[in-house]
C-alpha cells in the first residue's frame with residue numbers, strides 16, 4: 080500500500096470533476112485537508128472514483144465561502160456547509176470548531192471520527208498525511224476500530240446516527256470490526272430516534288439501517304425490542320456459542336460454532 084499523500088492527490092486529480100474541485104479550492108491559496116471517504120477508499124484500494132470530497136479547514140472558511148457563495152449549498156445541523164459544483168462534484172467543508180466536540184484542530188477532530196479507517200487526512204498541497212489513531216494500519220488489515228472519544232460521548236440521536244454510519248462503512252467495505260463490545264455498548268432508546276432524519280442522512284430505509292446495525296453487532300434480526308441494540312432474551316448468539324459471520328470471517332459460516340468468547344475476529 081502506497082501511503083504517500085502525494086499519491087492520493089494524484090489519484091484524485093485523475094478524476095476530472097475532483098481535479099476541477101481541487102483547483103477551485105486552490106484559487107484561494109488555502110491549506111486544507113482532504114478527509115473521510117475519498118482517503119479511505121484510496122487506501123482500501125477500492126479503485127472506484129469518490130462520490131464526494133470532504134475537506135477540513137483550520138482557518139479560511141469565510142474566504143472559501145466567499146469564493147463558493149454563488150453555488151448551491153446547504154448548511155447542516157452543525158453549521159458546516161455542503162456545496163454542489165456545476166460539474167456534479169459535491170464538497171463538504173468541515174470546520175473543527177463546528178465538529179461534534181467543538182475541536183481546535185484537524186488532528187483532534189479526526190480523533191472523534193466514527194470509524195478508524197475514516198480518520199485519515201491528506202493535506203493539500205503538501206501531501207502530508209495525518210493519521211492520529213492508526214487508520215492506515217486498519218486499512219491495510221481491512222479492519223475497523225471505533226474511536227473512544229466519539230463512542231463514549233455520543234448520546235440520543237447522534238448515537239443512533241453513529242451506529243448507522245459505522246455499520247454502513249463496515250459492511251460496504253467488508254471490514255472486520257475489532258471492538259464489537261464498544262459497538263454493542265452504545266445503547267439507544269427507540270423513543271429517541273427520529274427515523275425520518277436518520278433515513279435521510281444515511282440514504283437508507285429504517286429496515287436497512289436496523290438490519291445493518293444488528294448484523295455488525297452480531298445479534299439476531301428481530302422486530303420486537305425497545306433499543307436499537309437490545310439482544311432479545313435467549314436469542315443471544317453467544318449464549319449457545321453461535322453467531323453469524325461478518326466481514327472477512329470466511330471460515331465462520333452463519334450458525335457455525337465459534338470460540339467461547341463469542342467473537343470472531345477473522
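Residue numbers (our numbering): 80 to 345.
Glycine included, C-beta positions come from ideal geometry on N, C-alpha and C.
On a predicted model such as this, the values are computed, not experimentally measured, just so you know.
Query                                                                                                                                                      : Result
Between residue 143 and residue 116, what straight-line distance do the alpha-carbon atoms span, to the nearest angstrom?                                  : 21 Å
Only counting runs of 3 or more residues, tell me where the beta strand (DSSP E) segments fall wholly within the region 186-218, in order along the chain. : 200-203
Any chance the region 189-202 sits against the region 163-170, with 3 or more Cβ pairs inside 8 Å?                                                         : no
Residue ranges of each alpha helix (DSSP H) run of no fewer than 4 residues wholly in the region 252-276, ordered along the chain?                         : 259-264
Are the Cβ atoms of residue 193 and residue 241 separated by less than 8 Å?                                                                                : yes
When you compare only the Cα positions, how much space is there between residue 313 and residue 222?                                                       : Note that residue 313 scores 41 on pLDDT, short of 50, meaning its location in the model is unreliable and no value can be drawn from it.
Quick one: grab the DSSP three-state call for residue 183.                                                                                                 : coil
With a Cβ-Cβ cutoff of 8 Å, do residue 114 and residue 133 count as a contact?                                                                             : yes
Express the C-alpha separation of residue 288 and residue 282 in angstroms, rounding to a whole number.                                                    : 9 Å
Please identify the residue among 168, 152, 119, 173 whose C-alpha is closest to the C-alpha of residue 137.                                               : 173
DSSP state of residue 122, grouped into three classes?                                                                                                     : helix
Using the Cβ count rule (16 or more neighbours within 10 Å means buried), how would you classify residue 269?                                              : exposed
First and last residue of the alpha helix (DSSP H) that includes residue 100?                                                                              : 95-105
Whole angstroms is fine: what's the gap from residue 179's alpha carbon to residue 228's?                                                                  : 10 Å
Look up residue 83 in the DSSP assignment and say whether it is helix, strand or coil.                                                                     : coil
Report yes or no: do the region 206-216 and the region 230-244 share at least 3 C-beta pairs separated by less than 8 Å?                                   : no
Looking at the structure shown, is residue 283 part of a helix, part of a strand, or coil, going by DSSP?                                                  : coil
Check the Cβ-Cβ distances between residue 184 and every residue of chain C, and say whether any is below 8 Å.                                              : As a matter of chain content, chain C is missing from the structure shown, which is built from one protein chain.
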